Amino acid sequence: MFLEIIDVSVSGLINGSIYSLMAVGLTLVYGVTKAFNFAYGSFYIFGGYFAWILLVQLGITGGYFSVFFAAVPVFFLVGYMLEKILISPLRKYDDWEMKVMMLTLGLALFMDFAFQAVFGPRVKSLPGLLEGTIEIGEMVLFQQDIGIFVLSISCMLGFGWVLNNTRTGMAVQAVAQNPMGAQIVGIPKNSIFAATFAISTIMVGLGGILLCQKNLIDPMGGTNIMIKAWVITAFGGMGSIRGSLYAAFILGMLEAFVGWYFGMIHVQIATLTLLLVTLAIRPQGLMGRE
Amino acid sequence: MLKIDKLNAYYGQSHVLKNVTASVERGTVVVMLGPNGHGKSTLLKSICGLVEKVDGRISYDEQDIIGLASDKIVNMGVTYIAENRELFPYMTIRENLKLGAYSKKARANEKKNIEWVASLFPKLMQRHNQLARTMSGGEGKMLAIARGLMSDADLLCIDEPALGLQPSYRIDIFNIVQEISKRGKTVFLVEQNIPQLIEMADKIYIMEEGSISFEGSKDDVLNNEQLKEIFLGL
Numbered sequence: 012m013f014l015e016i017i018d019v020s021v022s023g024l025i026n027g028s029i030y031s032l033m034a035v036g037l038t039l040v041y042g043v044t045k046a047f048n049f050a051y052g053s054f055y056i057f058g059g060y061f062a063w064i065l066l067v068q069l070g071i072t073g074g075y076f077s078v079f080f081a082a083v084p085v086f087f088l089v090g091y092m093l094e095k096i097l098i099s100p101l102r103k104y105d106d107w108e109m110k111v112m113m114l115t116l117g118l119a120l121f122m123d124f125a126f127q128a129v130f131g132p133r134v135k136s137l138p139g140l141l142e143g144t145i146e147i148g149e150m151v152l153f154q155q156d157i158g159i160f161v162l163s164i165s166c167m168l169g170f171g172w173v174l175n176n177t178r179t180g181m182a183v184q185a186v187a188q189n190p191m192g193a194q195i196v197g198i199p200k201n202s203i204f205a206a207t208f209a210i211s212t213i214m215v216g217l218g219g220i221l222l223c224q225k226n227l228i229d230p231m232g233g234t235n236i237m238i239k240a241w242v243i244t245a246f247g248g249m250g251s252i253r254g255s256l257y258a259a260f261i262l263g264m265l266e267a268f269v270g271w272y273f274g275m276i277h278v279q280i281a282t283l284t285l286l287l288v289t290l291a292i293r294p295q296g297l298m299g300r301e
Numbered sequence: 006m007l008k009i010d011k012l013n014a015y016y017g018q019s020h021v022l023k024n025v026t027a028s029v030e031r032g033t034v035v036v037m038l039g040p041n042g043h044g045k046s047t048l049l050k051s052i053c054g055l056v057e058k059v060d061g062r063i064s065y066d067e068q069d070i071i072g073l074a075s076d077k078i079v080n081m082g083v084t085y086i087a088e089n090r091e092l093f094p095y096m097t098i099r100e101n102l103k104l105g106a107y108s109k110k111a112r113a114n115e116k117k118n119i120e121w122v123a124s125l126f127p128k129l130m131q132r133h134n135q136l137a138r139t140m141s142g143g144e145g146k147m148l149a150i151a152r153g154l155m156s157d158a159d160l161l162c163i164d165e166p167a168l169g170l171q172p173s174y175r176i177d178i179f180n181i182v183q184e185i186s187k188r189g190k191t192v193f194l195v196e197q198n199i200p201q202l203i204e205m206a207d208k209i210y211i212m213e214e215g216s217i218s219f220e221g222s223k224d225d226v227l228n229n230e231q232l233k234e235i236f237l238g239l
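Residue numbers (my numbering), protein chains in the order written: chain A, 12 to 301; chain B, 6 to 239.
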């Protein structure tokens, strides 16, 4: 029993670490631009296909190391260009937040069907990051899970460092906290919007590379990821990075324990019940600002 | 240094500034008086690129700046110090000041300016790790001015710095405006009715209903009984 609990906790921690990577990117975009990116889940799938092309199709040397090395600039560029070409022109309208939501919803559907057209309707699988197991006493851990956990946490720490120690990171926070104040000190708001979109694309793309090893790459799977990321950000508090972090680990643990004790079919019910109760008592979420 | 010619500004359907013409010479302190809600703040914001719908002409050092993005204007050496502070609430005093020096121009002189700011606002620097959201109104106003000075601007557009402050803070603010002016900076300051400010003004404008209704020296105001009574309460 005790070993099982440890095992489930480890599984919850691993889920939480990947969810945090995905949810923080979504909440970052909302916090800075006050617009919701519905295409977020599709970029997760894009991350999975990106790794699949490099690893399975091209057999890139260096394995996952090369994939991560290539992913950061590619996802940054994709996110940045997409923001500049599709989203930025909408800002001249008074109700641009609503227009961005409509556009990203369309983009999500476009990407999902494009994935299906290009890669076919069947799911694809990625090779494991690491093979084998580690035994600690009677407990057996998969090296792949440990690798995913360590990489997710490293990515989070890396993004945290960028946000708190670089001029661009500080500017991102400044725009999120006070857009007028940011303009007053001379922060180019539009460039920061694009940079934020790009950073969040990197985060969800890396999340896709890591989690698709466990969950397979489903061309239409973006919607589920989008819902998951939304549940975490709404539970943690829209726009609150710290709230999303806590929420990701709480929900990761909840999923693991409910799945173990009551069965996987009850996982979504438990997650959504927690979300609804939280929002009924505290509409701004765990750490959202009123 | 700054020339404004037939400037109009709009918020939605509302025509706020109507053919405003004014000028600010380098190294001077220009004060604009006028009732609340008559367009004084909009004028300063228009100069600094913070109002979207504007037409007419604004030139700074002979360069046309109307319609330029605010970050370009800040980089040219013009900064706006907001009446309602516009700080970054979840950042510390030090982080707010650091972001004040965001522009390329400011970055070059960041070290020199932080020393100057520390000498002007010693209390702020003693509590540099305090979050801006936990500061009182007067302290926040001081931080807003300090952050504005970090931008290394040559022209400071200061919006109602003494509004809603206790008398002791008001005196501090007048002293600081004097210090800024002594350092060769140009100040374009907007207030409602502060007689003490008149003493340091090289030129005074009065704005009513979005138009300039008076332009003159401090003596012109002080010798005009009607103006003294209406705008200075003297």
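Even for Gly, the Cβ is constructed at its ideal location relative to N, Cα and C.
This structure is a prediction, so every number in the text was calculated from the model and none was measured.
Exercise. Leaving out the 5 sequence neighbours to the left and right, which residues in its chain are closer than 8 Å to B:L125 when beta-carbon positions are compared?
Worked result: A151, L154, I181 and E184
Problem set entry | A:C223 in three-state terms, based on DSSP | helix
For this session: Would you check if there are 3 or more beta carbon pairs closer than 8 Å linking the stretch 72-87 of chain A to the stretch 266-285 of chain A?
Result: no
Exercise. Which residue spans inside the stretch 123-180 of chain A form an unbroken beta strand (DSSP E) run of at least 3?
Worked result: 144-147 and 150-153
Exercise. Is the Cβ-Cβ distance between A:V89 and A:A46 less than 7 Å?
Worked result: no
Exercise. What is the DSSP secondary structure of B:Q135, counted as helix, strand or coil?
Worked result: coil
Exercise. A:M4 CB to nearest chain B CB: under 7 Å?
Worked result: There is no way to answer for residue 4 of chain A, as the model of chain A reaches only from 12 to 301.
Problem set entry | Extent of the continuous beta strand (DSSP E) to which B:R62 belongs | K58 to Y65
Exercise. DSSP on B:N89, reduced to helix/strand/coil?
Worked result: coil
For this session: Going by CA-CA distance only, name the one from A:F57, A:S163, A:N235 and A:Y51 that's closest to A:V129.
Result: A:F57
Problem set entry | Segments of 4+ residues assigned as alpha helix (DSSP H) that fall wholly inside the stretch 44-95 of chain A | 51-63 and 74-93
Exercise. How would you list, in chain order, the residues of chain B whose beta-carbon sits under 9 Å from the beta-carbon of A:P199?
Worked result: A74, S75, D76 and K77
For this session: Check the Cβ of B:L104 against every Cβ in chain A and list those closer than 7 Å, keeping chain order.
Result: M181, A185 and V196
Problem set entry | CB contact flag (B:M6, B:V195, <7 Å) | no
Exercise. B:V79 by DSSP, collapsed to three states: which one?
Worked result: helix
For this session: Kindly give me the distance between the Cβ atoms of A:W63 and A:I228, rounded to whole angstroms, as I take these residues to be in contact under 8 Å.
Result: 6 Å
Exercise. Looking at the structure shown, is B:L38 part of a helix, part of a strand, or coil, going by DSSP?
Worked result: strand
Exercise. At a cut-off of 6 Å, is B:Y210 close to the ligand COA when judged by its beta-carbon and the heavy atoms of the ligand?
Worked result: By its list of ligands, the structure shown contains no ligand whatsoever, and the ligand COA lies outside what it can speak to.
Exercise. Who are the neighbours of A:Q188 on chain B, taking C-beta pairs under 8 Å?
Worked result: F93, P94, Y95 and M96
Exercise. What three-state label does DSSP hand B:E213 in the structure shown?
Worked result: strand
Problem set entry | Proximal residues to B:V25 (C-beta, below 7 Å), its chain only, five neighbours per side dropped | I9, L12, L48, S216 and I217
Exercise. For the 8 Å Cβ check, are there 3 or more pairs between the stretch 112-130 of chain B and the stretch 203-210 of chain A?
Worked result: no
Exercise. Roughly how many angstroms lie between the CA atoms of B:I119 and B:H133, to the nearest whole one?
Worked result: 12 Å
Exercise. When the cut-off is 7 Å and only beta carbons count, does B:Y85 lie next to chain A?
Worked result: yes
Exercise. Does the Cβ-Cβ distance between A:I195 and A:A182 come in under 7 Å?
Worked result: no
Problem set entry | Unbroken beta strand (DSSP E) run spanning B:A27, endpoints | S19 to V29
Exercise. Are at least three pairs of beta-carbons, each pair with one atom in the stretch 94-113 of chain A and one in the stretch 250-260 of chain A, less than 8 Å apart?
Worked result: no
Problem set entry | Bridge partners - B:F2, DSSP secondary structure assignment | As displayed, chain B neither begins before 6 nor continues past 239, which places residue 2 of chain B out of reach and without an answer.
Problem set entry | Amino acids of chain A, ordered along the chain, whose beta-carbon sits closer than 9 Å to that of B:L55 | M191, Q194 and I195
Exercise. Under the rule that 16 or more other beta-carbon atoms within 10 Å means buried, what is B:Q171, buried or exposed?
Worked result: exposed
Problem set entry | Residues that B:D10 bridges to, as DSSP identifies them | B:R62
For this session: Classify A:F260 as helix, strand or coil using the three-state DSSP reduction.
Result: helix
Problem set entry | Own chain partners of B:E30 with C-beta closer than 7 Å, once the 5 adjacent residues on each side are dropped | M6
For this session: Kindly say whether B:S51, judged by its beta-carbon, lies nearer than 7 Å to any beta-carbon of chain A.
Result: no
Exercise. Taking Cβ positions, are A:A34 and A:A119 nearer each other than 7 Å?
Worked result: no
For this session: Counting only the same chain and skipping the five closest in sequence on each side, list residues whose C-beta sits under 7 Å from that of A:F160.
Result: L24, I25 and S28
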